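Below is one structure, written out as structure tokens; the observations come after it.
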Amino acid sequence: MTEIMTLRNVSVHFPVRGFLPFLKKGEIQAVSDVSLGVRRGEIFGLVGESGCGKTTLANTMVGLVKPTAGQVLFEGVDLHSLPREEFKKTRRRMQMIFQDPFSSLNPRFNVYQLVSEPMVIRGEDDEETMKARVVELLEMVGLSAQDLYRYPSDFSGGQRQRIGIARAISLNPTFLVCDEPVSALDVSIHAQILNLLLELQERLNLTYVFISHNLADVKKMCDRLAVMYLGKLMEAGDADKIFARPLHPYTQALIAAVLDIYFSEEREIVVLPGDTPSPINPPPGCRFWQRCPKAMRGCKTVPPAFLEVEEDHFVACHLVNGFPNQDLPEGFDQPMVGREKVPGR
Amino acid sequence: MGEGRAVEQVLKLRNLKVVFPTDYGLIRAVEGVDLDIYHRECVALVGESGCGKSVTSQAVMRLLDSPPALIRMDVLEFDGRDLTQCTEAEMQEIRGKELAMIFQDAMTSLNPVMTVGNQIDEMYRRHYGDSKQAAREKTVHALELIGIPEPKERANSFPHQLSGGMRQRVLLAMAFACMPKLIIADEPTTALDVTIQAQVLKTLRGMQRGCGTSLLLVTHDLSVVAKMADRVYVMYAGKIVEKAPVKELFTNPHHPYTVGLMAAVPRLTDEKKKFTQIPGTVPSPVHKPSGCYFHPRCEYATERCRREMPRLEPMGRDRQVRCFHPLGVGGKSSD
Numbered sequence: 000m001t002e003i004m005t006l007r008n009v010s011v012h013f014p015v016r017g018f019l020p021f022l023k024k025g026e027i028q029a030v031s032d033v034s035l036g037v038r039r040g041e042i043f044g045l046v047g048e049s050g051c052g053k054t055t056l057a058n059t060m061v062g063l064v065k066p067t068a069g070q071v072l073f074e075g076v077d078l079h080s081l082p083r084e085e086f087k088k089t090r091r092r093m094q095m096i097f098q099d100p101f102s103s104l105n106p107r108f109n110v111y112q113l114v115s116e117p118m119v120i121r122g123e124d125d126e127e128t129m130k131a132r133v134v135e136l137l138e139m140v141g142l143s144a145q146d147l148y149r150y151p152s153d154f155s156g157g158q159r160q161r162i163g164i165a166r167a168i169s170l171n172p173t174f175l176v177c178d179e180p181v182s183a184l185d186v187s188i189h190a191q192i193l194n195l196l197l198e199l200q201e202r203l204n205l206t207y208v209f210i211s212h213n214l215a216d217v218k219k220m221c222d223r224l225a226v227m228y229l230g231k232l233m234e235a236g237d238a239d240k241i242f243a244r245p246l247h248p249y250t251q252a253l254i255a256a257v258l259d260i261y262f263s264e265e266r267e268i269v270v271l272p273g274d275t276p277s278p279i280n281p282p283p284g285c286r287f288w289q290r291c292p293k294a295m296r297g298c299k300t301v302p303p304a305f306l307e308v309e310e311d312h313f314v315a316c317h318l319v320n321g322f323p324n325q326d327l328p329e330g331f332d333q334p335m336v337g338r339e340k341v342p343g344r
Numbered sequence: 000m001g002e003g004r005a006v007e008q009v010l011k012l013r014n015l016k017v018v019f020p021t022d023y024g025l026i027r028a029v030e031g032v033d034l035d036i037y038h039r040e041c042v043a044l045v046g047e048s049g050c051g052k053s054v055t056s057q058a059v060m061r062l063l064d065s066p067p068a069l070i071r072m073d074v075l076e077f078d079g080r081d082l083t084q085c086t087e088a089e090m091q092e093i094r095g096k097e098l099a100m101i102f103q104d105a106m107t108s109l110n111p112v113m114t115v116g117n118q119i120d121e122m123y124r125r126h127y128g129d130s131k132q133a134a135r136e137k138t139v140h141a142l143e144l145i146g147i148p149e150p151k152e153r154a155n156s157f158p159h160q161l162s163g164g165m166r167q168r169v170l171l172a173m174a175f176a177c178m179p180k181l182i183i184a185d186e187p188t189t190a191l192d193v194t195i196q197a198q199v200l201k202t203l204r205g206m207q208r209g210c211g212t213s214l215l216l217v218t219h220d221l222s223v224v225a226k227m228a229d230r231v232y233v234m235y236a237g238k239i240v241e242k243a244p245v246k247e248l249f250t251n252p253h254h255p256y257t258v259g260l261m262a263a264v265p266r267l268t269d270e271k272k273k274f275t276q277i278p279g280t281v282p283s284p285v286h287k288p289s290g291c292y293f294h295p296r297c298e299y300a301t302e303r304c305r306r307e308m309p310r311l312e313p314m315g316r317d318r319q320v321r322c323f324h325p326l327g328v329g330g331k332s333s334d
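See below:
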């Protein structure tokens, strides 16, 4: 299978400024040195907690954010090497569905204006063609021609998300980024929207990047996935392989933290201690070491390499890959204990 | 908590009705809700947005402004006292001290220009008349109990200097400060990340058991209910549709809505690329359907369901269901 979207060593850093704009205090390393490929026709999951850089990475894919370093290739072409006109044309083929259907729809636009706006921007001006197309799109997402002149405030959250989806597919894109498309919706609506996305994917031959913090959703939706933590990839590859044998301690913790709705007598809650540290000037070693239950002394200073451990299953962890042969601190493979893990010491 | 057992009742609510008059018509947010909470138990009130669960909890705290809300209830007894007769001044004495609340969004429920320590100090100074020093000592102790590292230093932090999980912990410390009889937690972990949610839930459960507090957990998340609650009330469109002890609810749900809700929550063990869905949407609170409010979305609905609203009927020990055709009863399967 060919890759529709390829990221090569992409980093996105945002400067943090002091009280005078030219005094640079530091950098938020939202995404650092990420390489991955999304294959045509698949659903690629991007998993991680808030602040891990998954939305920034998605924005980088569709060209909304320019990477500080690295390349973004869409269908083999470097997005940011294209001249402006070509760039705009290419970007039509990639669209986004946003998390919050309440703030992503202009409340003063009716459904017709909302869904036809991308076509207007493209230069379409024949009202009749546009109207026919909008009605067709609305029917595809489970709304009807009667809804054409209603406003977003007349719709429930789930219906608004359907409008957002209709708008996203209006220019026949091939690549769609869904940024937490259901996390703002009710449980009973949740499944409806995910089923709709699956149905549209089949019908229109779409490729999705599906961003979520809900691992159960990701497991059901995705063919391949990447787990992010503090701007870095921890584990990536074939979804079935990762769920069958999660290798990174962070992936294991994420899977364990999913509260199952089965009732069990012991009702155990598995806890991963600590908070996500600040992405401003992160430590040189593994970014997860402070919270890692299996951290070793070397993890603090030696960055783990991102290696393929089996076909289409990549992990960045010293436990799996072993330490590289370079000058290592003393006792690098000894587990860390107690106060060694307290940040800032 | 079974009926007939000599357990102290903390909260008794009968026939709560809340109506909001709007330009579009009357919004019947809550239509006759009964609620019982006993000593040391955790009761969950589950439902989707707009079902009236938050309005119910705010009515219990007497935090709803009237007007605009029109509130009617037959009984609201807390710890043997009739709250409907309390003046606002008396309510202020009770709130925080004996009846505390934890809100969903810690950022908006903490004061951004006060250190968190000062905000917790206020609890002790207001309710016990403690001196500044005595209050701060208690605050530091409370923060330590809740699992905040370096509590003394953290007490001098402003809310924006803390992470989301940390802020939620500060709210927990504040709620448990005066060892209240009952804590109402309205979606306490919805805004948090999964790993942080697990931390906060574990702390909340540990504190609740340690302090012997009763807990009313208002949530839309059935997986949280499975871990936390002893008894569950399921709400739909302003009415309780099912009430059951947690184990019975999860092993044998009776109401089609409860069954649908459970099936709609994705699990790690499910098959791929297919999501079980409940058709339709939650009815608009202004135009509720005739008969049973769930009938337009219910696959078992009959003519009678379209005409008549079923009553909340007892169904076995300490269980109630509002349905003419309850599932999983008398040989009928819920699959």
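Quick note, the sequences are listed as chains Z and X, same order. Residue numbers for the first sequence follow numbering that gives the first Met the number 0, beginning at 0 and rising by one. Residue numbers for the second sequence follow numbering that gives the first Met the number 0, beginning at 0 and rising by one. Glycine included, each C-beta is placed from N, C-alpha and C at the ideal position. The model shown is predicted, which means the values in this text are computed figures rather than measured ones.
Of the other Cβ atoms in all chains shown, fewer than 16 fall within 10 Å of the Cβ of X/Met113; this residue is therefore exposed. In summary, Z/Lys231 is buried, with 16 or more beta-carbon neighbours lying within 10 Å of its beta-carbon over all protein chains present. In this structure, X/Cys177 places its C-beta atom within 8 Å of the C-beta atom of X/Gly95. Between Z/Cys291 and Z/Pro302, the C-beta gap is not smaller than 8 Å, which leaves the two residues out of contact.
At least 8 Å separates the CB of X/Asp317 from every CB of chain Z.
The Cβ atoms of Z/Val133 and Z/Thr59 lie no closer than 8 Å to each other. Across the structure, X/Val54 and Z/Leu81 are spaced so that their CA atoms are roughly 54 Å apart.
C-alpha of Z/Ser169 to C-alpha of Z/Leu136: approximately 7 Å in a straight line. Not one beta carbon of chain Z lies nearer than 8 Å to the beta carbon of X/Gly209. Contact between the segment 47 to 61 of chain X and the segment 7 to 23 of chain X is present: three or more C-beta pairs spanning the two stretches fall below 8 Å.
Per the coordinates, the alpha-carbon of Z/Gln200 lies some 15 Å from the alpha-carbon of Z/Gly141.
Neighbourhood of X/Gly164 in chain Z, by CB distance below 7 Å: Asp274, in chain order. Closest by C-alpha distance to Z/Asp146, out of Z/Gly122, Z/Val110, Z/Cys177 and Z/Gly157, is Z/Val110. Contacts with chain X (Cβ-Cβ distance below 8 Å) from the segment 175 to 201 of chain Z involve Asp185, Val186, Ser187, Ile188, His189, Ala190, Gln191, Leu193, Asn194 and Leu197, listed in chain order. Sequence-ordered contacts of the segment 23 to 56 of chain Z with chain X read Glu48 and Ser49 [C-beta pairs closer than 7 Å]. Contact check between the segment 94 to 108 of chain Z and the segment 29 to 36 of chain Z: fewer than three CB pairs, one atom from each, fall below 8 Å, which does not count as touching. Chain X has a Cβ within less than 8 Å of the Cβ of Z/Phe262.
By the rule that beta-carbons nearer than 8 Å mark a contact, Z/Asp259 touches chain X. When the beta-carbon positions are compared, Z/Pro100 and Z/Gly163 come within less than 8 Å of each other.
Put simply, the CB of Z/Ser143 is far from chain X, with every gap to its CB atoms at 8 Å or more. Closer than 8 Å to the CB of X/Ala43 there is not a single CB belonging to chain Z. The shortest C-alpha to C-alpha distance from Z/His189 to any of Z/Arg166, Z/Asn171, Z/Gln94 and Z/Met220 is the one to Z/Met220. Separation of X/Glu76 and X/Pro255 (C-alpha to C-alpha, rounded to the nearest whole angstrom) is 32 Å. Taking 8 Å as the cut-off, the beta carbon of X/Arg306 is found closer than this to the beta carbon of X/Gly290.
Every beta strand (DSSP E) stretch that sits fully inside the segment 230 to 255 of chain X and reaches 3 residues is listed by chain position as 230 to 235 and 238 to 244.
Interface criterion not met: the Cβ of Z/Ile279 is under 8 Å from no Cβ in chain X.
Out of X/Asp22, X/Ile70, X/Pro20 and X/Tyr37, the CA that lies nearest to the CA of X/Ser213 is found in X/Tyr37. Annotation for X/Pro20: the continuous beta strand (DSSP E) segment containing it runs Gln8 to Thr21. Under the Cβ criterion of 8 Å, X/Lys11 is not counted among the residues facing chain Z.
Annotated three-state conformation of Z/Ala190 is helix, per DSSP. Z/Gly330 does not reach chain X, its nearest Cβ partner there being about 25 Å away, counting only Cβ pairs nearer than 8 Å. For the segment 57 to 81 of chain Z, the set of positions with a beta-carbon nearer than 9 Å to some beta-carbon of chain X is empty. Distance from the CA atom of Z/Glu264 to the CA atom of Z/Lys130, rounded to whole angstroms, is 57 Å. Contact annotation: the segment 174 to 190 of chain Z touches the segment 208 to 223 of chain Z, with at least three C-beta pairs closer than 8 Å. The segment 66 to 73 of chain X makes no contact with the segment 223 to 241 of chain X: fewer than 3 CB pairs, one atom from each, lie closer than 8 Å. In the three-state reduction of the DSSP assignment, X/Asp220 falls in the coil class, being assigned neither a helical nor a strand state.
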